[in-house]
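Enquirer: Pasting a structure below so you can have a look.
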Amino acid sequence: MNAVETLWSEAIVPYTISDELAHRWSEISAAFKMISDYTCIRFVQRTTEINYLKFLNGKGCASFVGCRGGDQPVYFSSTCSVGNLCHELIHALGLHHEHTREDRDHYVTVQWQSIMPGRTKNFKVKHGNTLNLPYDLNSIMHYGSYFFSQDGGPTVLPKQGGEQMGQRSHLSHLDIERLNRLYHCGITSLLHYCSFIYRFHVTIYVNI
Ligand SMILES: [Zn+2]
Numbered sequence: 001m002n003a004v005e006t007l008w009s010e011a012i013v014p015y016t017i018s019d020e021l022a023h024r025w026s027e028i029s030a031a032f033k034m035i036s037d038y039t040c041i042r043f044v045q046r047t048t049e050i051n052y053l054k055f056l057n058g059k060g061c062a063s064f065v066g067c068r069g070g071d072q073p074v075y076f077s078s079t080c081s082v083g084n085l086c087h088e089l090i091h092a093l094g095l096h097h098e099h100t101r102e103d104r105d106h107y108v109t110v111q112w113q114s115i116m117p118g119r120t121k122n123f124k125v126k127h128g129n130t131l132n133l134p135y136d137l138n139s140i141m142h143y144g145s146y147f148f149s150q151d152g153g154p155t156v157l158p159k160q161g162g163e164q165m166g167q168r169s170h171l172s173h174l175d176i177e178r179l180n181r182l183y184h185c186g187i188t189s190l191l192h193y194c195s196f197i198y199r200f201h202v203t204i205y206v207n208i
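Following the UniProt record's numbering from start to finish, the sequence shown increments by one per residue and tops out at 208.
Here is the structure:
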């Protein structure tokens with residue numbers, strides 16, 4: 001997984017939930033718990049914080065990567081599961097997809113010809129900090145073999161293993177380790193915290 005440098009201050013992520021999603025509070029809460037049970041990251045209802053996540057309906061499942069500055073939408077539509085939302089939250093926490101790591105070609109083969117037009121950007125390598133952790137086919141941030149296929153053929157093929165590739169049910173052991181390292185859980189340290197300066201340097205992933 002590769003990380004951006006715009007993190008949430010003190011590993012605390014304030015949030016608001018739109019009225020139209022009020023009835024899905026238990027699912028949103030379950031997605032928070034998938035992360036907070038294993039890391040020092042905490043999701044708290046916004047009071048006066050400037051930077052916060054705003055859960056909205058519509059546009060499938062989507063999130064910016066990293067803390068963007070100000071109010072930051074996370075889209076949680078009816079097609080989106082708890083596991084999908086957890087995946088989006090990890091984008092918001094600062095992580096790109098695992099299969100876009102610089103070293104991914106050692107572990108997977110991208111079948112460009114099978115990827116839907118307009119989605120190839122979701123498969124392009126991102127240059128980010130891999131936190132000295134090994135490549136992880138089981139990551140909740142990895143795509144499954146047939147994600148965004150236009151012809152029924154695989155878009156990402158593991159070179160070895162990969163039985164759980166594309167799972168959205170839990171954080172892998174390495175996902176947990178990555179988030180704990182990224183947020184320096186248990187360590188006091190100066191990080192590059194979020195500010196408005198970063199607002200124009202972010203990526204948004206739609207429908208994933
Ligand atoms: Zn994604």
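Where a beta carbon is used, it is the ideal one built from N, C-alpha and C, also for glycine.
Can you tell me whether DSSP reads ILE17 as helix, strand or coil?
Expert: Note: ILE17 maps to strand in three-state DSSP.
Enquirer: Enumerate, from N- to C-terminal direction, the unbroken beta strand (DSSP E) stretches of 3 or more residues contained entirely within the region 82–152.
Expert: Qualifying beta strand (DSSP E) stretches, in chain order: 108–110.
Enquirer: Does the distance between the C-beta of MET141 and the nearest non-hydrogen atom of ligand 1 fall short of 8 Å?
Expert: Correct: MET141 has its Cβ closer than 8 Å to ligand 1.
Enquirer: With 16 other CB atoms within 10 Å as the buried threshold, where does GLN72 fall?
Expert: By the neighbour-count rule (16 or more Cβ atoms within 10 Å), GLN72 is buried.
Enquirer: Between ASP136, SER172, LEU131 and LEU171, which has its C-alpha nearest GLU5's C-alpha?
Expert: If we check each option's Cα against that of GLU5, LEU131 comes out closest.
Enquirer: Taking a contact to mean a Cβ-Cβ separation below 9 Å, would you say GLY128 touches ALA22 in this structure?
Expert: No, the Cβ-Cβ distance between GLY128 and ALA22 is not below 9 Å.
Enquirer: According to DSSP, is ILE35 helix, strand or coil?
Expert: The answer is helix: DSSP assigns ILE35 an H, G or I state.
Enquirer: Any heavy atom of ligand 1 within a distance shorter than 8 Å of the CB on HIS97?
Expert: Within the cutoff, so yes.
Enquirer: Among the candidates PHE148, ASN122, HIS173 and TYR146, whose CA atom is the shortest distance from the CA of TYR135?
Expert: Comparing Cα-Cα distances from TYR135 to each of PHE148, ASN122, HIS173 and TYR146, the minimum goes to HIS173.
Enquirer: Check whether the region 101–115 and the region 74–89 touch, using three or more Cβ-Cβ pairs below 8 Å as the test.
Expert: No, the region 101–115 is not in contact with the region 74–89.
Enquirer: Could you check where the alpha helix (DSSP H) with ARG42 kicks off and where it finishes?
Expert: Where ARG42 is concerned, there is no enclosing alpha helix (DSSP H), although the beta strand (DSSP E) it sits in stretches over 42–45.
Enquirer: Comparing the CB of HIS170 with every heavy atom of ligand 1, is any distance shorter than 8 Å?
Expert: Answer for HIS170: no, Cβ out of range of ligand 1.
Enquirer: Can you tell me where the beta strand (DSSP E) holding LEU53 begins and where it ends?
Expert: Its beta strand (DSSP E) spans residues 52–56.
Enquirer: Less than 6 Å between C-beta atoms, sequence neighbours within five positions excluded: which residues of the same chain meet that for GLN164?
Expert: Correct list, in chain order: ASN138.
Enquirer: Return the residue from the list ASN122, MET141, LYS159 and THR47 that minimises the CA-CA distance to LEU171.
Expert: Checked all of ASN122, MET141, LYS159 and THR47; the closest Cα to LEU171 is MET141.
Enquirer: Is the beta carbon of HIS91 within less than 8 Å of some heavy atom of ligand 1?
Expert: At least one heavy atom of ligand 1 is nearer than 8 Å to the Cβ of HIS91, so yes.
Enquirer: Given a threshold of 16 other Cβ atoms within 10 Å of its Cβ, counted over all protein chains shown, does VAL44 qualify as buried or as exposed?
Expert: VAL44 is exposed by the Cβ-count criterion.
Enquirer: How long is the line joining the alpha carbons of ASN180 and PHE32, rounded to whole angstroms?
Expert: Whole-angstrom Cα-Cα distance: 15 Å.
Enquirer: What is the DSSP secondary structure of LEU171, counted as helix, strand or coil?
Expert: Note: LEU171 maps to coil in three-state DSSP.
Enquirer: Mind checking TYR146: buried by the 16 CB within 10 Å criterion, or exposed?
Expert: With fewer than 16 Cβ atoms within 10 Å of its Cβ, TYR146 is classed as exposed.
Enquirer: Which of helix, strand or coil does DSSP assign to SER77?
Expert: If DSSP states are grouped into helix, strand and coil, SER77 belongs with coil.
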